[in-house]
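Student: Mapped onto this note's numbering, the consecutive letters of the sequence shown carry residue numbers 6 to 839.
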Amino acid sequence: MRGRAAEVSTLLLALRLLRREVRSGELTLIFLSLVLAVTVSAGIALFSQRLDLAMEANANDMLGADLRIRSSDPLSDEWLDTAREQGLNTARTLTLQSMVIADCEMALAAFKAVDDGYPLRGELRVRGVGDSQASLQDTGPQPGEVWVEGRVLSLLRLEFNQDTQLELGGKPYRVTGIIEKESDRGGNFYTLSPRVMLHWSELEGSPMLGPGSRLAYRLLVSGDESDITAFRDSVELDVNQEFESLRDGNRAMSESVDRARRYLGLAAVLAVVLASVAVAVSARRYSERHFDVSALMRTFGLSRKAVLVVFLWQLLCIGLLATLFGGLAALFLQESLIYMLSGLVPDGLPPAGPFAWLVGLSAGVISLFGFGVPHLLPLSAVSPLRVLRRDITPVPVTGWLLYGVALVAMTTLLWLLTRDALMSAAIILGGALILVLLMALLRGLLSLAGRALQNRTLPLSLRFAWQHLSRDRTATAGQLLAFALTLMVMIVTGMLRTDLLEDWQQSLPDDAPNIFALNIQPFDRTAFLDGLDEQGLDSVPLYPMVPMRLTAVNGTTVSELDIAGDRSIDRDLISSEAGELPENNTVTAGNWETTHKGPGQVSVEAELAERLGFELGDVLTFRAAGVNFDAQISSLRSLDWTSMTPNFYMMLSPDLLEALPKSYMTSFHLPGGQDAALNQLVRNFPGITFIDTRYLIAQVNTLLQRLILAVELILVFVLIGAVLVMLSVLLTSTRERLAEGAILRTLGASRVQVRRAHQVEFILLGGLAALLALVGGELLVAGLYVGVLEIPYSSLGWIWAWLIPVTIIGLMVPGSMMLRRVTSEPPLRILRQF
6 MRGRAAEVST LLLALRLLRR EVRSGELTLI FLSLVLAVTV SAGIALFSQR LDLAMEANAN
66 DMLGADLRIR SSDPLSDEWL DTAREQGLNT ARTLTLQSMV IADCEMALAA FKAVDDGYPL
126 RGELRVRGVG DSQASLQDTG PQPGEVWVEG RVLSLLRLEF NQDTQLELGG KPYRVTGIIE
186 KESDRGGNFY TLSPRVMLHW SELEGSPMLG PGSRLAYRLL VSGDESDITA FRDSVELDVN
246 QEFESLRDGN RAMSESVDRA RRYLGLAAVL AVVLASVAVA VSARRYSERH FDVSALMRTF
306 GLSRKAVLVV FLWQLLCIGL LATLFGGLAA LFLQESLIYM LSGLVPDGLP PAGPFAWLVG
366 LSAGVISLFG FGVPHLLPLS AVSPLRVLRR DITPVPVTGW LLYGVALVAM TTLLWLLTRD
426 ALMSAAIILG GALILVLLMA LLRGLLSLAG RALQNRTLPL SLRFAWQHLS RDRTATAGQL
486 LAFALTLMVM IVTGMLRTDL LEDWQQSLPD DAPNIFALNI QPFDRTAFLD GLDEQGLDSV
546 PLYPMVPMRL TAVNGTTVSE LDIAGDRSID RDLISSEAGE LPENNTVTAG NWETTHKGPG
606 QVSVEAELAE RLGFELGDVL TFRAAGVNFD AQISSLRSLD WTSMTPNFYM MLSPDLLEAL
666 PKSYMTSFHL PGGQDAALNQ LVRNFPGITF IDTRYLIAQV NTLLQRLILA VELILVFVLI
726 GAVLVMLSVL LTSTRERLAE GAILRTLGAS RVQVRRAHQV EFILLGGLAA LLALVGGELL
786 VAGLYVGVLE IPYSSLGWIW AWLIPVTIIG LMVPGSMMLR RVTSEPPLRI LRQF
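Encoded structure:
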């Protein structure tokens, strides 16, 4: 009972002291720093999980099923029977490229035949004749009818009415609807041609399924998760069959979104880092200012443990209150992100689960106990004799414990926020290494400055400033590192924002190719290029196209290797020859000239080679047009999948493709308002496949524009964190500067001399901190660019010119305002407060 009463008494004492601290403002900076940490971490965590849940929920709608199987051969009836026996719903689709004709006009379209079970999931909205808006459909078109996209009618110069007809495969069909939404269409290039949808039965025995047709059969299945899993386990796929996922579609969009989300996570981490630094600095100041309070409590009989518990209770209450306010602010932050990214994120995002709240709200607690509590430990070791002798101070906590606890806390925060082990390791290890280097550089600079200024006559203000900085080099080093870290975080965040967005925009400039032309036959090459010139269009070079399949590696057949099921080789690869290195390709290993000159050489995409375990010198065996041939890997290439230019996994020396039948492909930019030029090319070259990617590029550009707004919102929180760190550091040393200024004035120094001494001190602090931040920023940016984000490294450039003067001014203005009491109040009044 006594123990419980003592605990209650300790808690009541802590609450009374906390009320006094709140009134005095001692804990304000710690509270604000914790609110910032919780707001940013919880806001990003909530937004990310809601987006993930929505994407997961909509993934099946975008696939059109819970499970989808793709095959180049007709689907097995046994699969249909098995699925139905397990109570699953099924649908079949068949897609191909073919010509559609109306009167004397023709155009290439993407045909899609659907059976009576389609659609299973997602939305299919079609506008009928005379309808003002599209309606949701629960079945596909009826036999004898077709639904088309509006582009088909535009290409064929047709109007939509009851008499509109098209000819497909030599048979007339009546157009009864305009497709306005087809959620399971996908995002790869081969689905971007104008859509024509018809009933499954219409293609049975159709000449469009003759030899040479590129057919894609798909089985769509939906039902309970357990039944889906059982069905998937029972299916045995052949080499030309695969399970499909959304990411198999458009790598340009998926990589842009992934990069954007990684940046948002990184920006959030940097804001939390600044908030944690502010907590550490403020907690240290709070601890030092409460040595006397701790000594009084020890004098009144409280044990060391009880004293520590009192202060821990205060911190815990502050942490809980900050978590509450931060959680409310996080709701506003994530709603702001959703608003800024509206149109890119799904409508009606589902609510976040408890894990997101746990991750976000735990940031405040982790930051508090990782960066604040270690600085409070000396309060329990204050001797009661300090009541009589103010010079007695407790033994500070050893540095390795402070840094170790902070490192563990920061690692935990990074992992919770990014869920990216590589990024977390890079930031922790890179940041620790840079801090060690900066500390060594700082000590060297202080030592050199001390030697240079020794026995020299200095102006009074400079001498006073230098004596204050050099008297306690540990405290000076701590201030400089805090300022430098703050500046370094802001530099890195600003550089990443600018360079990442520039990297995205450079991959999709205003004149980026937006039309792909495929299956250009050798006899059409000259005429097609002349046709582009007549329309005033420029193309990238024509690349040969040869479909081929990898059959063996170093004499061992693929079917006997572990890589047999890899989706990148478990199909025909469209390969080209190494006559010219494509734009946005970079050779990462080997020699391109060797590949180009041959004979019998091949260049492989670097990521594919790494995944499959290919190395320089390996011999790959391909089969194309019924012919087997060997090629030795002589170079590896990295590809920019976000660029809208032709890319190939395999590029072979020209001698290997010389005797093989091949077609050509290219891409070109079609300016706005020149659809007539594209329509004319389609009519002049009916055998060429034209793929319009303008809608896809518009999506990516919209994504980038909206991401700029979201990134700038996160930068606001980074700036708030920087301000909190600066205020924490300045407040930590304000008390000492006030005492020194009062003493100087007592000894005869004028107000101007004291003010100048402070200004010179801030000039020295700002200049050294900015220099350290520039050096550390260069190192950290280089590491992040090359090792994590994989974008070209660029130097800080003009930041070197303006950061030092801006930092000096940024420290002098608030610092001088905080110290104006030295020159505005009598020295005796200030000294009595100490």
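Cβ atoms here follow ideal geometry from the backbone N, Cα and C, with glycine treated the same way.
Owing to the predicted nature of the structure, the values given are computational and were not obtained by experimental measurement.
Determine the extent of the alpha helix (DSSP H) in which Met202 is found, giving its start and end residues.
Tutor: No alpha helix (DSSP H) contains Met202, which is instead part of the beta strand (DSSP E) from Arg200 to His204.
Student: Return the residue from the list Val780, Ser14 and Gly595 that minimises the CA-CA distance to Ala445.
Tutor: Per the Cα distances, Val780.
Student: When the Cβ atoms of the segment 275-289 are set against those of the segment 43-52, are three or more pairs found closer than 8 Å?
Tutor: With the cut-off at 8 Å, the segment 275-289 and the segment 43-52 touch.
Student: Check this for me: beta carbons of Ile693 and Ile525, under 8 Å apart or not?
Tutor: It is a contact, given that the beta carbons lie within the stated cut-off.
Student: By how many angstroms is the C-alpha of Leu20 removed from the C-alpha of Pro819?
Tutor: C-alpha separation (whole angstroms): 33 Å.
Student: Which of the three DSSP states is assigned to Asp635 in this structure?
Tutor: Strand.
Student: Which word fits Arg24, buried or exposed, when buried means at least 16 other C-beta atoms lie within 10 angstroms of its C-beta?
Tutor: With fewer than 16 Cβ atoms within 10 Å of its Cβ, Arg24 is classed as exposed.
Student: Skipping 5 residues on each side, what residues in its chain have a beta carbon closer than 8 Å to that of Asn633?
Tutor: Excluding positions up to five away in sequence, the list reads Thr556, Thr626 and Phe627.
Student: Output the distance between the C-alpha atoms of Ala311 and Thr15, rounded to the nearest integer angstrom.
Tutor: Taking the straight line from one Cα to the other gives about 7 Å.
Student: With DSSP run on the structure shown, which of helix, strand or coil describes Glu241?
Tutor: Glu241: coil per DSSP, three-state reduction.
Student: Please determine, among Gly92, Leu72 and Val759, the residue with the shortest C-alpha to C-alpha distance to Phe248.
Tutor: Comparing Cα-Cα distances from Phe248 to each of Gly92, Leu72 and Val759, the minimum goes to Leu72.
Student: At the level of alpha carbons, what is the spacing between Leu777 and Thr491?
Tutor: If I take the Cα positions, the gap works out to 11 Å.
Student: What span of residues does the beta strand (DSSP E) with Gln170 cover, start to end?
Tutor: Where Gln170 is concerned, the enclosing beta strand (DSSP E) stretches over Gln170 to Leu173.
Student: Nearest CA to the CA of Ala437: which residue from Gly306, Thr416 and Val314?
Tutor: Among Gly306, Thr416 and Val314, the Cα nearest to that of Ala437 is on Thr416.
Student: Select from Pro124, Asp238 and Ala285 the residue whose C-alpha is nearest the C-alpha of Leu34.
Tutor: Minimum Cα distance to Leu34 is reached at Ala285.
Student: Look up Thr626 in the DSSP assignment and give the residues it is bridged to.
Tutor: According to DSSP, which records beta bridges pairwise, Thr626 is partnered with Ala557 and Asp635.
Student: Measuring only the C-alpha atoms, how far is Leu816 from Ile768?
Tutor: Leu816 and Ile768: Cα-Cα distance of roughly 8 Å.
Student: Can you give the Cα-Cα distance for Arg825 and Ser372, rounded to whole angstroms?
Tutor: For Arg825 and Ser372, the distance between alpha carbons rounds to 33 Å.
Student: Would you mind sorting Phe305 into buried or exposed? The rule is 16 or more other CB atoms within 10 Å of its CB.
Tutor: Exposed, by the Cβ-count rule.
Student: So, with DSSP's three-state summary, where would you put Pro379?
Tutor: Here Pro379 sits in helix by DSSP.
Student: Pick from Ala114, Met731 and Phe533: whose alpha carbon is nearest that of Gln484?
Tutor: Looking at the Cα atoms, Met731 is the closest of the given residues.
Student: Please report the residue range of the alpha helix (DSSP H) in which Ile568 lies.
Tutor: Taken as a continuous stretch (DSSP letters only), Ile568 belongs to no alpha helix (DSSP H), as it is neither H nor E.
Student: Should the segment 151-164 be regarded as contacting the segment 229-237, the criterion being three or more beta carbon pairs within less than 8 Å?
Tutor: The segment 151-164 vs the segment 229-237: no contact.
Student: Taking buried to mean at least 16 other C-beta atoms within 10 Å of its own C-beta, is Pro651 buried or exposed?
Tutor: Counting Cβ neighbours within 10 Å, Pro651 comes out buried, since at least 16 surround it.
Student: If you drop the 5 nearest sequence neighbours on each side, which residues of the same chain put their C-beta closer than 7 Å to that of Thr591?
Tutor: Once the five neighbours on either side are set aside, the close Cβ partners of Thr591 are Arg642 and Ser643.
Student: In the DSSP assignment, what are the bridge partners of Glu247?
Tutor: For Glu247, which the question treats as bridged, DSSP gives the partners Arg75.
Student: Leaving aside the five residues before and after Asp253 along the sequence, list all residues of the same chain whose C-beta is less than 6 Å from its C-beta, in chain order.
Tutor: In this prediction, Asp253 has a pLDDT of 46, which is less than 50 and means its spatial position is unreliable; nothing more can be read from the coordinates.
Student: Against chain C, does Leu661 count as a neighbour if the rule is that its beta carbon must be under 8 Å from one of theirs?
Tutor: In summary, chain C is missing from the structure at hand, where a single protein chain is found.
Student: For Pro549 and Thr599, what's the separation of their Cα atoms in angstroms?
Tutor: In a straight line, the C-alpha of Pro549 is about 19 Å away from that of Thr599.
Student: By the 10 Å Cβ neighbour count, where 16 or more other Cβ atoms means buried, how is Val609 classified, buried or exposed?
Tutor: Buried, by the Cβ-count rule.
Student: Classify Pro212 as buried or exposed, calling it buried when 16 or more other Cβ atoms lie within 10 Å of its own Cβ.
Tutor: Pro212 is exposed by the Cβ-count criterion.
Student: What is the residue span of the beta strand (DSSP E) that Val592 lies within?
Tutor: Unbroken beta strand (DSSP E) run through Val592: Asn590 to Gly595.
Student: Arg126 lies in the alpha helix (DSSP H); which residues open and close that run?
Tutor: Arg126 -> no alpha helix (DSSP H), and no H or E assigned at all.
Student: Assuming Ala47 contacts Trp362 (C-beta within less than 8 Å), just tell me the rounded distance between them.
Tutor: Contact flag correct, Cβ pair sits at about 7 Å.
Student: One question on the structure: do Thr169 and Val180 come within less than 8 Å of each other, judged by their Cβ atoms?
Tutor: It is a contact, given that the beta carbons lie within the stated cut-off.
Student: With H, G and I counted as helix, E and B as strand and the rest as coil, what does DSSP make of Thr491?
Tutor: Helix.
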